[in-house]
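Student:
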Amino acid sequence: MVMTQRIAVLGATGSIGDSTLAILAAQPQHYQVYALSGHHRLDKLFALCQQFLPKRVSVPIAAVSDFAQRLSRAGLDIDVVGGEAGLVDIATDSQTDTVVAAIVGAAGLPSTLAAARAGKRILLANKEALVMAGQVMINAVKTHHATLLPLDSEHNAIFQCLPLAIQQDNSQIHQPNHGVRKLWLTASGGPFLQQSFAQMQQASIAEAVKHPNWSMGQKISVDSATMMNKGLELIEACHLFDLPEDKINVVIHPQSIIHSMVEYSDGSFLAQLGSPDMKTPIAHALSYPDRINSGSQPLDLFALSGLEFIEPDLQKFACLRLARQAMQAGTQATIVLNAANEIAVDAFLKGQIRLTDIADINEQALDEIQLPPLNETADIEDILAIDKIARHLTDKLVAKLT
Ligand code: NDP
Ligand code: MG
118 MVMTQRIAVL GATGSIGDST LAILAAQPQH YQVYALSGHH RLDKLFALCQ QFLPKRVSVP
178 IAAVSDFAQR LSRAGLDIDV VGGEAGLVDI ATDSQTDTVV AAIVGAAGLP STLAAARAGK
238 RILLANKEAL VMAGQVMINA VKTHHATLLP LDSEHNAIFQ CLPLAIQQDN SQIHQPNHGV
298 RKLWLTASGG PFLQQSFAQM QQASIAEAVK HPNWSMGQKI SVDSATMMNK GLELIEACHL
358 FDLPEDKINV VIHPQSIIHS MVEYSDGSFL AQLGSPDMKT PIAHALSYPD RINSGSQPLD
418 LFALSGLEFI EPDLQKFACL RLARQAMQAG TQATIVLNAA NEIAVDAFLK GQIRLTDIAD
478 INEQALDEIQ LPPLNETADI EDILAIDKIA RHLTDKLVAK LT
């Protein structure tokens, strides 16, 4: 392990930000909080600046001057930058060793990609960046010798269950001697697993964001309720582990104790288990290849009453089916699906549509926006252009329902 890793936490005010900073606060001998970013929750960001004394901080452009004055009045000498350029600046700063990519949604893509192109060590929570630009991201990581470590608990679990050769080079997964047959992503099934589709149709915002096992930001909580989260994770896994979607199975495991599995050709299934606490995968990735104390509750095996495994209902959870369909169709479709879903989730959280409308809107967006496949040389501009078209059309689909 590098003696003191200088860490930039992008999305420091969110749920992954909280878990990351709790570990960093407990391990000051190993980590220095070099930079932080926030968006709406600037009071919280200010408190984090007082606690961690980062050298740099990024806020929305419109807030730069006020935030800088506020820091200066408090006697804090912290460089304040703004907007997407500010996030990219921090992610590529020569003093930054590790970037924790924990911004939610497409807003996290430019800084995450910039970190890859600057050859950084990236701890990736922002799955949407891979759903939109998986190939571009993975190519950038390889070309610029960056290190990409998954924070998403399922992908972190799979990473831990793979041999070192594949951890270091994902294309090794195809070598027959490693014997990887399939990956198994576990899913909790979310708050509506035991309820009917009709009950799901009536779900309130509070019911939808109340996850049975994990405490997370609002967008991913809604994604878990529709199982779009597992769909996004399926696409994320295809890119991280260089596999087609039909080599990745999804199984509902309501207890969220097994975080995912790798199935090998000799019949072995390797699984990673732990309490459902994001501090475990974050600590793993922070200290990889060493191990540190994460502060999470150890699993009490004697208190476990039984582990269940259930096949997902693809009619009730249509978003999971749509993710496979999009992955088969190509990157242009996964960009459309991600954009449509972000708009639809936002509309649900504003009370404009029902929870079950999200899948319908996503499906309509995939059907109506038929784009030619992106070619090998497609770059971020091409991706953002498709993202924009998809958002525009989805706004219209939402408007029809409201
Ligand atoms: P939160 O909503 O709790 O946090 C999101 C963070 O992104 C906040 O810091 C927020 O700032 C910032 N942000 C939001 N919009 C913008 C924007 N337009 N520009 C810049 N920053 C922005 O989400 P989570 O922490 O739950 O999730 C973050 C990412 O991690 C998501 O991609 C999610 O899918 C992934 N993830 C999360 C897990 C979890 O357990 N929470 C598990 C696995 C993956 P502010 O709050 O100040 O507005
Ligand atoms: Mg996950």
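For the sequence shown, the working numbering begins at 118 and goes up steadily by one.
Just so it is clear, CB atoms sit at the ideal spot from N, CA and C, and this is done for glycine as well.
Assuming Ala202 and Asp504 make a contact with CB atoms under 8 Å, what is their CB distance in whole Å?
Tutor: About 18 Å separates the two Cβ atoms, so there is no contact after all.
Student: Return the residue from the list Asn410, Ser373 and Ser377 that minimises the CA-CA distance to Pro393.
Tutor: Comparing Cα positions, the closest option is Ser373.
Student: For Gln316, which residues from the same chain have a beta carbon less than 8 Å from its beta carbon, with the 5 sequence-adjacent residues on both sides left out?
Tutor: Same-chain partners within the cutoff: Phe309.
Student: List in chain order the residues whose CB is within less than 6 Å of at least one heavy atom of the ligand MG.
Tutor: Qualifying residues, in the order they occur: Asp269, Ser270, Glu271 and Glu350.
Student: Exposed or buried, Pro490, counting other C-beta atoms within 10 Å across all chains shown (16 or more means buried)?
Tutor: Pro490 should be labelled exposed.
Student: Apart from the five residues on each side of it in sequence, which residues of its chain come closer than 8 Å, Cβ to Cβ, to Ile322?
Tutor: The answer, listed in chain order, is Phe465, Leu466 and Gly468.
Student: Under 8 Å: do the region 259 to 270 and the region 332 to 339 share three or more Cβ pairs, one atom per stretch?
Tutor: With the cut-off at 8 Å, the region 259 to 270 and the region 332 to 339 do not touch.
Student: If I'm right that Trp301 touches Asn366 with Cβ under 8 Å, what's the distance once you round it to whole angstroms?
Tutor: 5 Å between Cβ atoms; contact.
Student: Pull up the distance between the alpha-carbon of Gln212 and that of Ala233, whole angstroms please.
Tutor: Taking the straight line joining both Cα atoms gives about 15 Å.
Student: From Leu403 to Gln146, what does the alpha carbon distance come to, in whole angstroms?
Tutor: The alpha-carbon atoms of Leu403 and Gln146 are separated by roughly 13 Å.
Student: Nearest to Ala516 by CA position, among Pro267, Ala457, His157 and Ala231, is which residue?
Tutor: Here the closest residue by C-alpha is Ala457.
Student: Tell me where the beta strand (DSSP E) around Lys299 begins and ends.
Tutor: Where Lys299 is concerned, the enclosing beta strand (DSSP E) stretches over Val297 to Ala304.
Student: With DSSP as the reference, identify every bridge partner of Gly199, one or two as the case may be.
Tutor: Beta-bridge pairing links Gly199 to Val176.
Student: Within the continuous alpha helix (DSSP H) that includes Phe163, where are the two ends?
Tutor: Leu159 to Phe169 is the span of the alpha helix (DSSP H), which, as asked, contains Phe163.
Student: How many whole angstroms separate the CB atoms of Val126 and Ala219, which I take to be in contact at a CB cut-off of 8 Å?
Tutor: Sure, about 7 Å apart at Cβ, within 8 Å.
Student: Quick one: residues in its chain with C-beta nearer than 7 Å to the C-beta of Lys244, no 5 flanking neighbours on either side, listed in chain order?
Tutor: Around Lys244: Asp269, Leu349, Glu350 and Glu353.
Student: Hey, which unbroken runs of the beta strand (DSSP E) at 3 residues or more fall wholly within the region 382 to 470?
Tutor: You should have 386 to 390.
Student: Beta carbon of Asn458: closer than 6 Å to some heavy atom of the ligand NDP?
Tutor: Incorrect: Asn458 has no Cβ contact closer than 6 Å to the ligand NDP.
Student: How would you call Gly134, buried or exposed, if buried means at least 16 neighbouring beta carbons within 10 angstroms?
Tutor: Label assigned to Gly134: buried.
Student: Give the secondary structure of Val119 by DSSP, where H, G and I count as helix, E and B as strand, and everything else as coil.
Tutor: Note on Val119: pLDDT 48, under 50, position unreliable in the model; no value is reported.
Student: By how many angstroms is the C-alpha of Cys278 removed from the C-alpha of Asn330?
Tutor: Going from the Cα of Asn330 to the Cα of Cys278 covers about 22 Å.
Student: When every heavy atom of the ligand NDP is checked, does at least one fall within less than 6 Å of the C-beta of Asn492?
Tutor: Because no heavy atom of the ligand NDP lies under 6 Å away, the Cβ of Asn492 does not count as near it: no.
Student: Per the contact definition of three or more C-beta pairs closer than 8 Å, is the region 411 to 430 in contact with the region 443 to 453?
Tutor: In short, these stretches do not touch, since the Cβ pair count stays below three.
Student: Roughly how many angstroms lie between the CA atoms of Leu204 and Ala139, to the nearest whole one?
Tutor: Their Cα atoms are separated by approximately 22 Å.
Student: Return yes when the Cβ of Tyr148 is within less than 7 Å of the Cβ of Lys172, no when it is not.
Tutor: No.
Student: Within its chain, find whatever has a CB closer than 7 Å to the CB of Glu480; leave out the 5 residues flanking it on each side and keep chain order.
Tutor: Ala435 and Leu439.
Student: Please give me, in chain order, every unbroken run of the alpha helix (DSSP H) with length at least 4 that falls completely inside the region 226 to 313.
Tutor: For the region 226 to 313, whole alpha helix (DSSP H) runs of length 4 or above, ordered along the chain, are 226 to 234, 244 to 260, 270 to 278 and 281 to 285.
Student: Using three-state DSSP, classify Ala185 as helix, strand or coil.
Tutor: Residue state, collapsed to three classes: helix.
Student: Which same chain residues, not among the five before or five after Pro227, have their C-beta less than 8 Å away from its C-beta?
Tutor: So the qualifying residues of the chain are Glu201, Leu204, Val205 and Ile497.
Student: Which residue comes first and which comes last in the beta strand (DSSP E) that contains Gln149?
Tutor: Segment Tyr148 to Ser154, the beta strand (DSSP E) holding Gln149.
Student: Can you find a heavy atom of the ligand NDP that lies under 6 Å from the Cβ of Met444?
Tutor: No, the ligand NDP has no heavy atom inside 6 Å of this Cβ.
Student: Using a Cβ-Cβ cutoff of less than 7 Å, which residues in the same chain neighbour Phe358 once the five nearest sequence positions on both sides are dropped?
Tutor: If we look at Phe358 and ignore the five residues flanking it on each side, its Cβ neighbours are Ile275, Asn287, Ile290 and Leu300.
Student: Would you call Asp363 buried or exposed, if buried means 16 or more other Cβ atoms sit within 10 Å of its Cβ?
Tutor: It is exposed - the Cβ of Asp363 has fewer than 16 other Cβ atoms within 10 Å.
Student: In the DSSP assignment, what residue or residues form a beta bridge with Ile369?
Tutor: DSSP lists Ala304 and Ile427 as partners of Ile369.
Student: Exposed or buried, Lys237, counting other C-beta atoms within 10 Å across all chains shown (16 or more means buried)?
Tutor: Looking at its Cβ environment, which holds 16 or more other Cβ atoms inside 10 Å, Lys237 is buried.
Student: In terms of alpha-carbon separation, which member of Thr215, Gly423 and Thr137 lies closest to Ile375?
Tutor: It is Gly423.
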